[in-house]
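**Student:**
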Amino acid sequence: MAHNSDIRDRLTISREEYADRRKQLASNLNGATAVIFAGKGGGLHDDFQPDLNFQYLTGIIDEPGAILLLNPNDPNPSRKEVLFLEPHLPELERWDGWRGPIDAKLREKHGFKALMRTSAFPQMLLNACKSSLKGTCLHPIAHHEQPVGPDLEVFQKLQQRIPGFQIDDGSRLIPSQRAVKSAAEKAMIERSAEITAKGFTAILEKLTPGITEFDIQEAAEHAYRSHGSRGPFYGSIVGSGFNATILHYRSNDAVIADGDLVVIDSGARYGDGPCGYGSDVTRTYPANGRFTERQKEVYSIVLESMETTIAAVKPGIAYAELDSISRKIITDAGFGDFYPHGVGHPIGLEVHDVQPDTVVPEGAIITIEPGIYLPDENMGIRIEDDILVTAAGPVNLTGNIPKTIEEIESAMANKTS
Ligand code: GLY
Ligand code: MN
Ligand code: MN
Numbered sequence: 084m085a086h087n088s089d090i091r092d093r094l095t096i097s098r099e100e101y102a103d104r105r106k107q108l109a110s111n112l113n114g115a116t117a118v119i120f121a122g123k124g125g126g127l128h129d130d131f132q133p134d135l136n137f138q139y140l141t142g143i144i145d146e147p148g149a150i151l152l153l154n155p156n157d158p159n160p161s162r163k164e165v166l167f168l169e170p171h172l173p174e175l176e177r178w179d180g181w182r183g184p185i186d187a188k189l190r191e192k193h194g195f196k197a198l199m200r201t202s203a204f205p206q207m208l209l210n211a212c213k214s215s216l217k218g219t220c221l222h223p224i225a226h227h228e229q230p231v232g233p234d235l236e237v238f239q240k241l242q243q244r245i246p247g248f249q250i251d252d253g254s255r256l257i258p259s260q261r262a263v264k265s266a267a268e269k270a271m272i273e274r275s276a277e278i279t280a281k282g283f284t285a286i287l288e289k290l291t292p293g294i295t296e297f298d299i300q301e302a303a304e305h306a307y308r309s310h311g312s313r314g315p316f317y318g319s320i321v322g323s324g325f326n327a328t329i330l331h332y333r334s335n336d337a338v339i340a341d342g343d344l345v346v347i348d349s350g351a352r353y354g355d356g357p358c359g360y361g362s363d364v365t366r367t368y369p370a371n372g373r374f375t376e377r378q379k380e381v382y383s384i385v386l387e388s389m390e391t392t393i394a395a396v397k398p399g400i401a402y403a404e405l406d407s408i409s410r411k412i413i414t415d416a417g418f419g420d421f422y423p424h425g426v427g428h429p430i431g432l433e434v435h436d437v438q439p440d441t442v443v444p445e446g447a448i449i450t451i452e453p454g455i456y457l458p459d460e461n462m463g464i465r466i467e468d469d470i471l472v473t474a475a476g477p478v479n480l481t482g483n484i485p486k487t488i489e490e491i492e493s494a495m496a497n498k499t500s
């Protein structure tokens with residue numbers, strides 16, 4: 084296999100796949116007009132993170148302000164999908180990156196036949212909506228304390244202007260597509276899992292009483308970057324002793340003590356620049372390389388809960404059913420009050436990815452991550468793997484990262500340094 088750290092060996096999603104995703108979406112619009120906004124932002128202090136549904140449909144991560152218009156009924160085949168980009172401003176682009184004029188090269192780069200500037204968007208949208216007389220909202224439906232979704236806001240204004248214009252909820256359409264991973268997406272998540280495994284090897288090598296939690300975070304994230312990742316998929320959690328009982332502990336600044344268990348929840352991001360897919364893995368390791376009898380007792384319950392739940396993962400099973408399988412084992416062992424979170428979630432472009440349904444579809448990748456947290460004993464234990472859901476059975480993408488007591492103690496006893 085080519086070396087992961089070689090940037091030329093990069094896995095990506097092809098322009099054809101992005102076009103297929105849009106085609107599939109358009110086929111579910113029933114002739115309605117739909118709009119996806121990339122969102123704004125970016126600059127010296129922050130990377131631009133496009134709206135993830137926009138990114139999913141276009142792969143474009145360097146065009147703040149872009150808008151995708153889908154108008155499946157347009158009689159002109161090259162106008163059924165139009166991408167609008169903010170004006171080309173060469174002076175500004177000397178600061179934030181060259182975007183260039185609209186020409187054949189840009190059409191080829193973005194994979195769109197119809198590219199226009201955003202100044203043309205209002206009239207094009209009006210024409211599309213006058214002809215379709217219906218708009219489908221694809222952006223998530225906001226709760227009442229959030230701003231109204233950007234496409235609903237636009238459609239509501241058009242409803243005041245176009246007699247008979249109707250608005251539908253299509254907010255589950257893109258999540259339903261995103262929930263089922265393509266071969267290319269699976270390959271990218273598998274690559275991120277391989278890189279994550281390098282990070283946990285570095286962790287096992289480094290872990291010893293007296294170092295800080297941040298030393299562990301650094302070891303993992305350095306390994307990710309050295310093996311083809313641009314960094315962690317989410318903020319790494321390294322909690323030792325009592326800190327391991329804080330579910331989303333992030334300060335990672337305590338000194339790790341002899342006898343502590345250390346919860347490490349971290350995964351590599353893999354993909355273009357700041358965007359892309361990733362893994363979400365947790366291991367709980369003893370700082371000094373040996374579990375105490377009490378730690379073994381509680382750890383074994385979490386591991387049994389995890390492995391039993393992973394074995395039950397199959398297409399069509401309800402997330403709630405997986406949760407009860409894992410919870411029953413922990414509750415029967417007497418620790419039901421000490422397992423305060425759900426058993427897992429889908430991963431994808433986001434670490435807590437879209438979950439459009441109550442059941443797990445074939446082709447999803449989900450985490451299984453039971454835990455027991457005992458603040459009075461300064462002990463927290465969570466173990467988390469990423470599972471590909473197939474009809475032939477669950478495929479554990481991160482199961483090779485040491486997690487049985489024997490594997491962990493043996494890896495820590497056989498350090499190379
Ligand atoms: N890394 C956050 C989680 O496991 O959900
Ligand atoms: Mn996690
Ligand atoms: Mn998780």
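Counting from 1 along the sequence shown, just add 83 to a position and that's the residue number in the numbering used here. Built from N, CA and C at the ideal position, the CB exists for glycine as well.
Determine the contact status of residue 256 and residue 111, defining contact as a CB-CB distance below 8 Å.
**Tutor:** yes
**Student:** Under 8 Å Cβ to Cβ from residue 260, same chain only, skipping five residues before and after it: list those, please.
**Tutor:** Within the same chain, and ignoring the five residues on either side of residue 260 in sequence, the residues whose Cβ sits closer than 8 Å to its Cβ are 104, 107, 108, 139.
**Student:** Could you spell out where the beta strand (DSSP E) holding residue 182 opens and where it closes?
**Tutor:** Per DSSP, residue 182 lies in no beta strand (DSSP E) and is assigned neither H nor E.
**Student:** Can you have a look at residue 333 and say buried or exposed, based on whether 16 or more other CB atoms are within 10 angstroms of its CB?
**Tutor:** exposed
**Student:** Tell me whether the beta-carbon of residue 478 lies closer than 8 Å to the beta-carbon of residue 397.
**Tutor:** No; because the gap between Cβ atoms is not below 8 Å, this pair is not in contact.
**Student:** Alpha helix (DSSP H) containing residue 402: first to last residue?
**Tutor:** 402-415
**Student:** Between residue 317 and ligand 1, is there a pair consisting of the residue's CB and a ligand heavy atom that are separated by less than 7 Å?
**Tutor:** yes
**Student:** Within 8 Å, do at least three Cβ pairs link the region 122-142 to the region 280-296?
**Tutor:** no
**Student:** Can you tell me where the alpha helix (DSSP H) holding residue 365 begins and where it ends?
**Tutor:** Note, residue 365: premise wrong, no alpha helix (DSSP H); beta strand (DSSP E) at 364-369.
**Student:** What are the start and end residues of the beta strand (DSSP E) that includes residue 381?
**Tutor:** No beta strand (DSSP E) contains residue 381, which is instead part of the alpha helix (DSSP H) from 376-395.
**Student:** In the DSSP assignment, the beta strand (DSSP E) including residue 454 goes from what residue to what residue?
**Tutor:** Its beta strand (DSSP E) spans residues 454-457.
**Student:** Does the beta carbon of residue 499 fall short of 7 Å from some heavy atom of ligand 3?
**Tutor:** no
**Student:** Can you tell me whether residue 87 is buried or exposed? The criterion is at least 16 other CB atoms within 10 Å of its CB, across all chains shown.
**Tutor:** Bear in mind that a pLDDT of 48 at residue 87, under 50, signals an unreliable position, so the model cannot answer this.
**Student:** The beta strand (DSSP E) with residue 520 in it runs from where to where?
**Tutor:** Nothing in the structure corresponds to residue 520, since the chain is present only between 84 and 500.
**Student:** Whether or not the region 220-234 and the region 171-184 are in contact is what I'm after, with contact meaning three or more pairs of Cβ atoms, one per stretch, closer than 8 Å; do they touch?
**Tutor:** With a cut-off of 8 Å, the region 220-234 and the region 171-184 do not count as touching, because too few Cβ pairs lie within range.
**Student:** Given this structure, state the Cα-to-Cα distance separating residue 84 from residue 245, to the nearest angstrom.
**Tutor:** Confidence in residue 84 is poor, its pLDDT being 41 and thus under 50, which makes the residue's placement too unreliable to answer from.
**Student:** State the beta-bridge partners of residue 198 as determined by DSSP.
**Tutor:** DSSP lists 166 as the beta-bridge partner residues of residue 198.
**Student:** Would the beta-carbon of residue 348 be found less than 7 Å away from any heavy atom of ligand 2?
**Tutor:** Indeed, a heavy atom of ligand 2 lies less than 7 Å from the Cβ.
**Student:** Report yes if the C-beta distance between residue 464 and residue 382 is below 8 Å; otherwise report no.
**Tutor:** Yes; because the gap between Cβ atoms is below 8 Å, this pair is in contact.
**Student:** May I ask whether a heavy atom of ligand 2 can be found less than 7 Å away from the beta carbon of residue 392?
**Tutor:** no
**Student:** Have a look at 157, 300, 99 and flag the residue whose alpha-carbon is nearest the alpha-carbon of residue 216.
**Tutor:** By alpha-carbon distance to residue 216, the top candidate from 157, 300, 99 is 157.
**Student:** Going straight from the alpha carbon of residue 251 to that of residue 97, what length do you get?
**Tutor:** The alpha-carbon atoms of residue 251 and residue 97 are separated by roughly 31 Å.
**Student:** Measuring CB atoms only, is the region 334-342 touching the region 441-456, in the sense that at least three cross pairs come out at less than 8 Å?
**Tutor:** Taking a cut-off of 8 Å on C-beta distances, the region 334-342 does not touch the region 441-456, as fewer than three cross pairs fall below it.
**Student:** Starting from the N-terminal side, write out each stretch of the alpha helix (DSSP H) that is 4 residues or longer and does not extend beyond the region 99-154.
**Tutor:** Runs found: 135-141.
**Student:** Where does residue 218 fall in DSSP's three states?
**Tutor:** strand
**Student:** Mind checking which residues open and close the alpha helix (DSSP H) that includes residue 487?
**Tutor:** Counting along the chain, residue 487 falls outside any alpha helix (DSSP H), and DSSP gives it neither H nor E.
**Student:** DSSP on residue 499, reduced to helix/strand/coil?
**Tutor:** Of the three classes helix, strand and coil, the one that applies to residue 499 here is coil, per DSSP.
**Student:** So, does the region 180-189 touch the region 216-225, judging by three or more C-beta pairs under 8 Å?
**Tutor:** Verdict: no, contact absent.
**Student:** Looking only at its chain, what residues have a beta carbon closer than 6 Å to the beta carbon of residue 137, apart from the 5 residues adjacent to it on each side?
**Tutor:** 119, 121
**Student:** Using 8 Å as the cut-off, can you tell me whether the region 408-426 makes contact with the region 493-500, which would need three or more C-beta pairs spanning the two stretches below that distance?
**Tutor:** Output reads no: the region 493-500 does not touch the region 408-426.
**Student:** Between the beta-carbon of residue 299 and the beta-carbon of residue 321, is there less than 8 Å?
**Tutor:** yes
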